Amino acid sequence: MSLAAEVLEACKARGWMLATAESCTGGMVSAALTDIAGSSAVVERGFVTYTNAAKREMLGVRAQTLDAHGAVSEEVAREMAYGARAHAPVQLAVAITGIAGPGGSEFKPEGRVCFGLACEGRETLTETVEFGAAGRENVRKAARDHALKLLLSAALS
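Numbering-wise (the numbering used here), the sequence shown opens with residue 4 and increments by one.
Here is the structure:
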């Protein structure tokens, strides 16, 4: 069974709906989930918020947070995940923002991806994963898979 199918099964067993808030993955998590027949029982909606304006307008990410920390930060990932839950009738939301490449800087290198996970009744969690300069496609796939693992872990706990 695929990781996405496991997420759907675990959420369905709990009666949970989920949402995604994606930047650098551009909807890859939503696509992985909705590639599976019957996913509408779990996937409520996905937000692709590639620009800072989209993050503010669609998810309520504060301009002050973006100005202080930049789009690729745990603070923004937290607000994205929280915003996805606030703007959708779901129990679980995952957020992804990062630098897939090419490019980056010494302060925010290529392959750095920040994740947020908002789950009903729990504190919103964040983490940063350094996937390294593995190339845009590989970083995006790794970020998608990591987000699916976060969703699965939350649904099983």
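Where is the CB? At the ideal position from N, CA and C, for every residue including glycine.
From a predicted model like this one, the values you see are computed outputs, not experimental measurements.
Q. Which term fits Gln94, buried or exposed, when burial requires 16 or more other beta carbons within 10 angstroms of its beta carbon?
A. Taking all protein chains in view, the Cβ of Gln94 is crowded by 16 or more other Cβ atoms within 10 Å, so the residue is classified as buried.
Q. In three-state DSSP terms, what is Glu60?
A. helix
Q) Counting along the chain, where does the beta strand (DSSP E) carrying Thr131 start and finish? A) Leu128 to Glu133
Q.
Looking only at its chain, what residues have a beta carbon closer than 7 Å to the beta carbon of Tyr53, apart from the 5 residues adjacent to it on each side?
A. Ser26 and Gly29
Q | Segments of 3+ residues assigned as beta strand (DSSP E) that fall wholly inside the stretch 8-46 | A | As far as the stretch 8-46 is concerned, its whole beta strand (DSSP E) runs of at least 3 residues are 21-25.
Q: Consult DSSP for Thr68 and reduce its assignment to one of helix, strand or coil.
A: helix
Q | Three-state class that DSSP yields for Gly101 in the structure shown | A | Note: Gly101 maps to strand in three-state DSSP.
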